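Its first residue numbered 57, the sequence shown is counted upward by one per residue in the working numbering.
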Amino acid sequence: MFRTKTDKRLFSINNMAEILAPCGSYEALIAAVRAGADAVYVGAKSFSARQNAKNFDREELKEAVLECHRHGVKIYQAVNTVVLDSQLSELLDVLEFACEIGIDGLITQDLCLTEIIKQTCPQMPVHASTQMTLHTKNGVLFAREMGFCRVVVSREVTKEVLAELCGLDIEIETFVHGALCMSVSGQCFLSAMIGSRSANRGLCAGACRLPFSADNKNSYALSLKDMSYIRYLQELLKIGVSSFKIEGRMKRPEYTTAAVYECRKALEGNPPNMELLKSVFSRSGFTDGYYTNQLGKNMFGIRQKEDVISASDVLPQLRNLYKNEIKKYKIDFEIDIHLYEPVILTAKSNGCKAVITGEPPQKALTRPIDAEYVKRQLSKLGESQFELGGLNCNIENGVMVSASALNKLRRDAVSALDGAICKRNTKTVPFDKEKAKKIIADLNLDSSNTITKPIIRISLSNTSEIKDIDLSSVELVTIPMSKVEDLTGDLERRLKDKICISLPRYMHNEHMVIDDIKRLKDRGFYKFEATNLAHLKILNDLRLEIHSGFGFNITNSLSLETLAKYNVKDAVVSFELKASEINRLKSRINFGIISYGRLPLMLCVNCPIKASVGCKDCKGYLTDRTGRRFKVRCNKRYNYYELLNSDVLYLADRLSEFKSISFHTLCFEDETADEINNIIKSYKNSLPCNGAYTRGLYFRGII
57 MFRTKTDKRL FSINNMAEIL APCGSYEALI AAVRAGADAV YVGAKSFSAR QNAKNFDREE
117 LKEAVLECHR HGVKIYQAVN TVVLDSQLSE LLDVLEFACE IGIDGLITQD LCLTEIIKQT
177 CPQMPVHAST QMTLHTKNGV LFAREMGFCR VVVSREVTKE VLAELCGLDI EIETFVHGAL
237 CMSVSGQCFL SAMIGSRSAN RGLCAGACRL PFSADNKNSY ALSLKDMSYI RYLQELLKIG
297 VSSFKIEGRM KRPEYTTAAV YECRKALEGN PPNMELLKSV FSRSGFTDGY YTNQLGKNMF
357 GIRQKEDVIS ASDVLPQLRN LYKNEIKKYK IDFEIDIHLY EPVILTAKSN GCKAVITGEP
417 PQKALTRPID AEYVKRQLSK LGESQFELGG LNCNIENGVM VSASALNKLR RDAVSALDGA
477 ICKRNTKTVP FDKEKAKKII ADLNLDSSNT ITKPIIRISL SNTSEIKDID LSSVELVTIP
537 MSKVEDLTGD LERRLKDKIC ISLPRYMHNE HMVIDDIKRL KDRGFYKFEA TNLAHLKILN
597 DLRLEIHSGF GFNITNSLSL ETLAKYNVKD AVVSFELKAS EINRLKSRIN FGIISYGRLP
657 LMLCVNCPIK ASVGCKDCKG YLTDRTGRRF KVRCNKRYNY YELLNSDVLY LADRLSEFKS
717 ISFHTLCFED ETADEINNII KSYKNSLPCN GAYTRGLYFR GII
């Protein structure tokens with residue numbers, strides 16, 4: 057069973073939701089468990105979107121599963137980076153080990169994971185990472201069709217949207233506390249482009265926390281406060297959220313303790329101590345702006361000196377909260393002590409039972425033991441997770457058992473119960489090694505497609521110049537859906553077969569978007585560019601031709617194959633790939649690259665310029681600390697914003713080094729028709745660039 061429906065129902069029946077804690081180290085895991093977390097999420101040494109956390113090696117991961125399961129806590133493994141073809145064998149080893157040790161679920165981003173898990177370990181629960189940019193009904197439904205049992209929705213969703221998504225037949229997990237990125241998760245390339253440290257590969261350098269200004273001042277226009285919805289947990293519980301996720305695998309154990317502890321208080325109906333949470337870590341306090349749909353300047357903040365100082369005062373107090381084992385279970389003992397017979401101690405707790413046998417008692421020479429004596433020894437449970445419940449003593453008169461013998465019986469019983477509870481909570485999953493081998497064999501990674509001359513496509517942010525562009529050598533013209541109305545009737549008729557309409561990358565109102573698509577279909581448009589999973593479902597339902605954009609972060613052949621299964625005609629692969637990595641890709645659908653333009657570095661729901669200076673004083677760009685200017689593209693109809701690179705990508709004189717692409721796309725922003733025509737000619741003739749440019753990541757790659 058690749059996706060199960062039972063868990064969602066059980067959550068609603070019990071009116072419970074789990075508190076899910078981040079654990080970047082084993083100490084943080086202990087802290088989370090002892091603070092009262094219901095579940096934790098961890099990363100291994102590879103394929104974790106927090107590669108800078110300490111993370112867990114194999115032995116530590118195995119121990120972490122045992123530690124969690126003996127406390128009745130679930131443990132999920134984040135395998136949530138994009139994957140290269142050259143890493144697929146290593147990925148399969150990671151999955152096999154997760155199945156073997158009893159990981160409770162995998163959190164994934166890359167589309168290849170769903171196909172691999174279906175073939176090798178279909179019983180493993182799979183959660184769609186927030187990096188899959190799922191924020192609408194159709195996106196969540198499509199994830200369910202793919203086999204996900206849970207969706208971690210985008211942080212940008214409002215209360216109303218969250219309530220709609222919780223009404224679907226799938227678990228919904230939402231972040232309730234922690235760092236808030238300016239970009240929609242999975243759609244940030246700023247760190248990669250600036251310093252080769254990719255967020256999609258788990259090595260984000262936090263470039264957005266550096267100075268960026270809309271008014272030439274030393275401001276931080278891309279740095280948001282941390283989010284906190286902890287005071288809304290009762291409301292979120294009623295909405296139907298299945299899992300309350302705390303961000304912070306890079307944070308220290310004290311942070312994890314505080315967040316879990318305050319979440320537990322809030323769920324029990326007590327007000328959380330927001331000042332404590334602010335002291336342990338914040339950026340000028342917290343924001344709930346996305347949840348309440350109150351965007352703007354108040355959502356922005358940075359880590360200040362007073363934030364750091366306040367943390368030093370509370371950290372020792374927080375360490376005390378996880379210093380000792382929590383008393384999670386009652387333990388009931390029954391002891392039978394009869395002369396000449398082995399002592400038998402029966403221990404029961406949480407539905408589990410252990411029977412321990414000791415040496416026969418001795419005949420008492422002075423004072424025989426009694427129930428009070430036995431109770432004193434068996435109640436010494438300080439180092440365990442148990443506290444004494446009931447005790448039933450069956451003791452023959454005139455016998456004696458030493459304190460050391462009773463203590464050993466108690467310790468053995470506690471250890472056995474720990475093991476029994478752990479065993480009951482650990483469900484290993486079968487892994488098909490033969491199918492895993494076949495996946496690698498079928499890829500035939502040494503082979504590649506060879507294309508003589510890739511086709512030119514163009515993408516226009518502004519359609520005002522389209523009538524004067526020479527499109528004779530252009531196969532496809534992609535334009536934003538919000539700009540279709542700018543086409544004149546004659547131009548529309550003449551170009552209809554060449555026009556591909558790009559769907560909005562973020563959808564606040566999915567119903568409006570679907571209505572817009574239907575109107576365009578009625579006008580005869582049939583080619584559409586999908587930029588997220590929701591679009592695949594919408595376009596398939598409407599039986600339209602699908603072209604996949606860069607937003608899917610395609611980095612391997614299996615992900616291309618997944619898109620092919622959902623009727624995608626062709627796909628743009630990730631511009632974080634090196635040319636050599638692109639040349640290794642194989643697919644039954646055509647694929648291509650972005651070869652010219654200002655690459656989109658961030659997808660934002662909150663406009664950084666509007667928040668800083670307002671729309672009236674908008675100059676259309678941000679300036680970083682080095683003086684470079686980054687344009688902010690504003691999509692007014694669909695209400696989202698894109699931060700574009702300061703440098704123009706140019707590859708006309710190096711396209712011959714891309715051996716397997718079927719097409720390449722020239723993305724134009726503010727260029728005139730003459731400039732566009734000259735660029736197209738340059739690419740037709742493989743001419744070098746005269747001005748400033750960047751090669752992007754195609755040749756330097758990412759870490």
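No residue lacks a Cβ here, since even glycine has one placed at the ideal position from N, Cα and C.
Every value quoted in this text rests on a predicted model; they were computed, and no experiment measured them.
Nearest-angstrom Cβ-Cβ length linking residue i and residue j, presumed shorter than 8 Å
i: Met563; j: Ala590; result: 7 Å
i: Gly760; j: Ser104; result: Since the first residue of the chain shown is 57 and the last is 759, residue 760 is not available in this structure.
i: Lys491; j: Thr176; result: 5 Å
i: Tyr82; j: Arg211; result: That belief does not hold up - the Cβ atoms of Tyr82 and Arg211 are roughly 27 Å apart, past 8 Å.
i: Leu699; j: Ser742; result: Their Cβ separation, rounded to whole angstroms, is 30 Å, which puts Leu699 and Ser742 out of contact at 8 Å.
i: Val399; j: Leu465; result: 7 Å
i: Val50; j: Ile412; result: Outside the displayed range of the chain (57 to 759) lies residue 50, so it cannot be described from this structure.
i: Pro416; j: Tyr396; result: 6 Å
i: Glu74; j: Ala95; result: 5 Å
Limits of the alpha helix (DSSP H) - the one that residue i falls within
i: Arg90; result: Tyr82 to Ala91
i: Gly251; result: Leu246 to Gly251
i: Asn733; result: Ala729 to Lys740
i: Cys177; result: Taken as a continuous stretch (DSSP letters only), Cys177 belongs to no alpha helix (DSSP H), as it is neither H nor E.
i: Lys294; result: Leu289 to Ile295
i: Thr618; result: Ser613 to Lys621
Cβ pair residue i, residue j closer than 8 Å
i: Gly304; j: Thr312; result: yes
i: Gly357; j: Lys281; result: yes
i: Ile302; j: Val232; result: yes
i: Glu171; j: Phe487; result: no
i: His720; j: Pro510; result: yes
i: Ser716; j: Asn639; result: yes
i: Asn691; j: Ser538; result: yes
i: Cys671; j: Tyr697; result: no
i: Thr618; j: Leu633; result: no
i: Ile650; j: Phe606; result: yes
i: His603; j: Lys577; result: no
i: Glu725; j: Lys687; result: yes
i: Ser269; j: Leu678; result: yes
i: Ser161; j: His127; result: First, the amino acid is wrong: residue 161 is Gly here, not Ser. Contact flag unset, no.
i: Thr197; j: Val209; result: The sequence as given places Leu at residue 197; Thr does not occur at that position. Cβ atoms of Leu197 and Val209: not closer than 8 Å.
i: Leu641; j: Gly752; result: no
Unbroken beta strand (DSSP E) run spanning residue i, endpoints
i: Leu78; result: With the sequence shown as reference, residue 78 is identified as Pro, and Leu is not the correct amino acid for it. First-last of the beta strand (DSSP E) with Pro78: Glu74 to Pro78.
i: Gly414; result: Cys408 to Gly414
i: Ser558; result: Ile555 to Ser558
i: Val96; result: Ala95 to Gly99
i: Val569; result: Not the beta strand (DSSP E): Val569 falls in the alpha helix (DSSP H), residues Glu566 to Asp578.
i: Ile594; result: Where Ile594 is concerned, there is no enclosing beta strand (DSSP E), although the alpha helix (DSSP H) it sits in stretches over Leu589 to Asp597.
i: Asp626; result: Val624 to Val628
i: Leu221; result: Note, Leu221: premise wrong, no beta strand (DSSP E); alpha helix (DSSP H) at Lys215 to Cys222.
i: Ala586; result: Lys583 to Ala586
i: Arg206; result: Arg206 to Val208
i: Leu190; result: First-last for Leu190: undefined, no H or E at that position.
i: Asp282; result: Asp282 to Ser284
i: His603; result: Glu601 to Ser604
CA nearest to the CA of residue i, picked from the options
i: Lys493; options: Asn136, Val96 and Glu146; result: Glu146
i: Cys205; options: Pro181, Ser716 and Lys577; result: Pro181
i: Ser440; options: Leu473, Lys110 and Gly158; result: Leu473
i: Lys215; options: Val138, Ala88 and Leu293; result: Leu293
i: Arg681; options: Asn272, Glu381, Gln243 and Glu201; result: Asn272
i: Thr534; options: Phe581, Gln187, Val121 and Ser247; result: Phe581
i: Ser702; options: Ala77, Tyr652 and Lys321; result: Tyr652
i: Val531; options: Glu115, Ile512, Ser517 and Ser279; result: Before going further, note that residue 531 is Glu rather than Val in the sequence given. It is Ile512.
i: Gln243; options: Cys260, Met330, Phe389 and Glu227; result: Cys260
i: Asp542; options: Asp526, Arg561 and Ser517; result: Ser517
i: Val207; options: Ser284, Gln143 and Phe300; result: Phe300
i: Pro327; options: Arg339, Gly296, Lys174 and Gln290; result: Gln290
i: Ile393; options: Ala420, Gly407 and Leu374; result: Ala420
i: Cys408; options: Phe442, Arg423 and Ile382; result: Phe442
i: Arg579; options: Gly352, Ser335 and Leu551; result: Leu551
Beta carbon proximity, residue i to chain D, threshold 8 Å
i: Cys177; result: Absent from the structure is chain D; it holds one protein chain and no more.
Could I get the ranges of all uninterrupted alpha helix (DSSP H) runs contained in the stretch 318–391, with 4 residues as the minimum, in chain order? 330–336, 345–348 and 361–377
For a minimum of 3 consecutive residues, which ranges assigned as the beta strand (DSSP E) are wholly contained in the stretch 465–548? 511–516 and 530–536
Unbroken stretches of the beta strand (DSSP E), 3 residues or longer, contained in the stretch 666–728: 677–680, 685–691, 696–700 and 719–724
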